[in-house]
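Below: the structure, in structure tokens.
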Amino acid sequence: MSASGSQQGMTPAPKPEQQSPWAEAEGRLSRALRELGQTSWVVTILAVVVALVVGAVLILAANRDVQASLSYFFAQPTAFLETSFQVLREAYSALFRGAVFDWQAPSAERAIRPLTETMVYSVPLILAGLGIAIGFRSGMLNIGGQGQIILGATSAGFLGYALSMPVGLHVLLALAGGILGGAIWGGIAGVLKARTGANEVIVTIMLNNIAIYLLAWLLQQQWYKQTGSNQPLSSSVDESAQLFSLLGSGFRLHAGFLIAILATLGVWWLLERSTLGFEFRAIGENPEAARTAGINVPKATALVLVIAGGLAGLGGAAHVLGTEYRLAGGVAGTLGFDAITVALLGRSRPLGTFLAGLLLGGLRAGGVLMQAQTGTPIDIVLVLQAVIVLMIAAPPLVRAIFFLPHADGRPRLRRRSARRKARSTDSAAPVQERALQTSGAPNAESPGTMTPGTTTPGTQPPSTNTQEPGK
Numbered sequence: 001m002s003a004s005g006s007q008q009g010m011t012p013a014p015k016p017e018q019q020s021p022w023a024e025a026e027g028r029l030s031r032a033l034r035e036l037g038q039t040s041w042v043v044t045i046l047a048v049v050v051a052l053v054v055g056a057v058l059i060l061a062a063n064r065d066v067q068a069s070l071s072y073f074f075a076q077p078t079a080f081l082e083t084s085f086q087v088l089r090e091a092y093s094a095l096f097r098g099a100v101f102d103w104q105a106p107s108a109e110r111a112i113r114p115l116t117e118t119m120v121y122s123v124p125l126i127l128a129g130l131g132i133a134i135g136f137r138s139g140m141l142n143i144g145g146q147g148q149i150i151l152g153a154t155s156a157g158f159l160g161y162a163l164s165m166p167v168g169l170h171v172l173l174a175l176a177g178g179i180l181g182g183a184i185w186g187g188i189a190g191v192l193k194a195r196t197g198a199n200e201v202i203v204t205i206m207l208n209n210i211a212i213y214l215l216a217w218l219l220q221q222q223w224y225k226q227t228g229s230n231q232p233l234s235s236s237v238d239e240s241a242q243l244f245s246l247l248g249s250g251f252r253l254h255a256g257f258l259i260a261i262l263a264t265l266g267v268w269w270l271l272e273r274s275t276l277g278f279e280f281r282a283i284g285e286n287p288e289a290a291r292t293a294g295i296n297v298p299k300a301t302a303l304v305l306v307i308a309g310g311l312a313g314l315g316g317a318a319h320v321l322g323t324e325y326r327l328a329g330g331v332a333g334t335l336g337f338d339a340i341t342v343a344l345l346g347r348s349r350p351l352g353t354f355l356a357g358l359l360l361g362g363l364r365a366g367g368v369l370m371q372a373q374t375g376t377p378i379d380i381v382l383v384l385q386a387v388i389v390l391m392i393a394a395p396p397l398v399r400a401i402f403f404l405p406h407a408d409g410r411p412r413l414r415r416r417s418a419r420r421k422a423r424s425t426d427s428a429a430p431v432q433e434r435a436l437q438t439s440g441a442p443n444a445e446s447p448g449t450m451t452p453g454t455t456t457p458g459t460q461p462p463s464t465n466t467q468e469p470g471k
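Just so it is clear: in the sequence shown, position 137 is 137 by full-length UniProt numbering, and no numbers are missing.
Laid out in structure tokens, this is it:
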């Protein structure tokens, strides 16, 4: 064959199809949405949005004016909408004014006071949340933040009023006592897990109950509370052991907030820059691989809960020495369980935990003003926290609500339509086969049907030899 013939026989390679500008823009948008949907902070923000929507529904359901306007909804639907909008605006406006900035305050000092209250509420949440975040990063579920906070507060409070020392030394000793009390309480669970393999979830939960009843018993002992009152209260902490105020007597913001900032930086350095933090993260990823690499897993396990308990105990100490100034049976409230929410909301990262503590502190501070001015139950704040945790624990649910792409990059609706099309194709195949059999049409799988490359019995395949006979 000549060169010209070979060139004529050759078919040119197909040129790649050029996408239209609309298709290219759609592809870019799809990639952007996929990357956005896989970002953790976006899921966190959307979880907060969902919580606010759920909270709005509950606020409307609990308001009497909305209930009254709903009774004549079909007669005057605009009245219901206007009332609902007014109620939500007042409720969330009061929540913001109680947490960030009160533009209706009579003075500038009162206007910025809500932000300082948010900081005050966030101090124990941040410190305890950092301790729980360390456990999460190390593969351990430390549910004992409540008991560790109580032991830290108990130790710090007792040292705060039972001793008489100079100002600087007294407050440092009380803080150290709080750290030691929480570290011991967390170390009990750590040693049991390291030596016996005990489940840290069960151990820490039981230690929470022991701490609650231990504080109740101590407050009934005269040698501990050192007061003649029959109420389960301790003496007030001496001024030398109290954390100093940052903004003067008109605000409650104390030095504990600076301690929370320093603790956040310290935990970041521990987890991201130190050898011990690398060991913590290694046993969290794969304990067997960490043991093979030469890491002392039992020792690291015990240290994780000791450090976590120390941070939670520091949170309890800051709460007593900077805000409460005395011990009571409910001194910890629900701080230990709220700290778990803070760690989950912050994705167990130091900066995220710090910001999550500020958010929950703002909800606590704003909820008080919201209930006082609008009559909205403060329990709505607890519902908001629960919904936020639920959404963060289930990122696919958040993506489904906001129609974000899945992890494989395909949009949810496209995935669903593809599955529906596949099911319809599979169900239509037997119907088409039965229709062909009843109509007598040739079927490739029926007997006697000729397919390329096959012959029927008793017949010869056609000859492909084009040479004449005898040649």
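Backbone N, C-alpha and C define an ideal beta-carbon position, used for all residues, glycine too.
It should be emphasised that the depicted structure is a prediction, and the values quoted were computed from it without experimental measurement.
Quick one: does the C-beta of residue i sit closer than 7 Å to a heavy atom of the ligand HEM?
{"i": "SER249", "result": "This structure lacks the ligand HEM, and indeed carries no ligand of any kind."}
Apart from the five residues on each side of it in sequence, which residues of its chain come closer than 6 Å, Cβ to Cβ, to residue i?
{"i": "ARG64", "result": "none"}
{"i": "ILE59", "result": "ALA91, THR376"}
{"i": "LEU311", "result": "LEU127, LEU130, GLY131"}
{"i": "residue 473", "result": "The question about residue 473 has no answer, for the chain in this structure spans 1 to 471."}
{"i": "GLY177", "result": "SER155, ALA156, LEU159"}
{"i": "SER446", "result": "Confidence at SER446 is low in this model, with a pLDDT of 44, below 50, so its placement is unreliable and no value can be given for it."}
{"i": "LEU256", "result": "Per the sequence presented here, residue 256 reads as Gly, with Leu not at that position. So the qualifying residues of the chain are VAL123, LEU243, ALA318, GLY322."}
{"i": "THR374", "result": "GLU90, ALA91, ALA94"}
{"i": "LEU344", "result": "VAL389, ILE392"}
Pull up the CB-CB distance for residue i and residue j, whole angstroms please, since I reckon it's below 8 Å.
{"i": "GLN148", "j": "GLY182", "result": "4 Å"}
{"i": "ALA241", "j": "GLY160", "result": "4 Å"}
{"i": "VAL43", "j": "ILE392", "result": "7 Å"}
{"i": "VAL342", "j": "GLY322", "result": "Contact doesn't hold; Cβ gap of about 18 Å is too wide."}
{"i": "ASP102", "j": "ALA108", "result": "ASP102 to ALA108, Cβ: 10 Å. No contact."}
{"i": "MET140", "j": "LEU305", "result": "7 Å"}
{"i": "VAL54", "j": "VAL383", "result": "7 Å"}
{"i": "GLU346", "j": "GLY352", "result": "Reading off the sequence shown, one finds Gly at residue 346, where the question assumed Glu. Right, the Cβ-Cβ distance comes to about 3 Å (below 8 Å), so this counts as a contact."}
{"i": "GLY366", "j": "ALA99", "result": "3 Å"}
{"i": "ILE378", "j": "GLN371", "result": "5 Å"}
{"i": "ALA51", "j": "VAL387", "result": "4 Å"}
Going by DSSP in three states, residue i sits in which element: helix, strand or coil?
{"i": "SER245", "result": "strand"}
{"i": "LEU141", "result": "coil"}
{"i": "LEU233", "result": "strand"}
{"i": "ALA328", "result": "strand"}
{"i": "LYS471", "result": "Low local confidence applies: a pLDDT of 38 at LYS471 is under 50, so the model's placement there is unreliable, and no value is given."}
{"i": "ASN443", "result": "Only weak support exists for where ASN443 lies, its pLDDT of 48 falling under 50; the coordinates are left without a value."}
Would you mind stating whether residue i and residue j have Cβ atoms separated by less than 8 Å?
{"i": "VAL237", "j": "TYR325", "result": "yes"}
{"i": "LEU214", "j": "GLY329", "result": "no"}
{"i": "GLY197", "j": "ALA317", "result": "no"}
{"i": "ILE179", "j": "ALA308", "result": "no"}
{"i": "PRO287", "j": "ARG195", "result": "no"}
{"i": "LEU253", "j": "LEU246", "result": "yes"}
{"i": "ALA339", "j": "GLY145", "result": "yes"}
{"i": "ARG281", "j": "SER71", "result": "no"}
{"i": "SER235", "j": "GLN226", "result": "yes"}
{"i": "ILE212", "j": "ILE150", "result": "yes"}
{"i": "LEU397", "j": "ARG97", "result": "no"}
{"i": "ILE143", "j": "VAL267", "result": "no"}
{"i": "MET165", "j": "LEU175", "result": "no"}
Can you tell me whether residue i is buried or exposed? The criterion is at least 16 other CB atoms within 10 Å of its CB, across all chains shown.
{"i": "LEU207", "result": "buried"}
{"i": "LYS193", "result": "buried"}
{"i": "PRO114", "result": "buried"}
{"i": "SER229", "result": "exposed"}
{"i": "ILE202", "result": "exposed"}
{"i": "ALA444", "result": "Its pLDDT being 44, under 50, ALA444 is placed unreliably by the model, and the measurement read from it follows with that caveat. Its Cβ having fewer than 16 others within 10 Å, ALA444 is exposed."}
{"i": "GLU279", "result": "buried"}
{"i": "TRP185", "result": "buried"}
{"i": "ARG349", "result": "buried"}
{"i": "ARG273", "result": "exposed"}
{"i": "LEU46", "result": "buried"}
{"i": "GLY187", "result": "buried"}
{"i": "THR264", "result": "buried"}
{"i": "THR116", "result": "buried"}
{"i": "PHE354", "result": "buried"}
{"i": "LEU327", "result": "buried"}
{"i": "LEU169", "result": "exposed"}
{"i": "VAL167", "result": "exposed"}
Among residues of its own chain, excluding the 5 on either side of residue i, which ones have a beta-carbon nearer than 8 Å to its beta-carbon?
{"i": "VAL66", "result": "LEU60, PHE80, THR83, SER84, VAL87"}
{"i": "LEU335", "result": "PRO124, LEU125, ALA128, GLY145, GLN146, ILE149, GLY315, GLY316, HIS319"}
{"i": "ALA289", "result": "ALA282"}
By Cβ distance below 7 Å, which residues in the same chain neighbour residue i in space, the five residues on each side in sequence not counted?
{"i": "PHE73", "result": "PHE80"}
{"i": "GLY284", "result": "ARG137, SER138, GLY139"}
{"i": "LEU270", "result": "LEU276, GLY277"}
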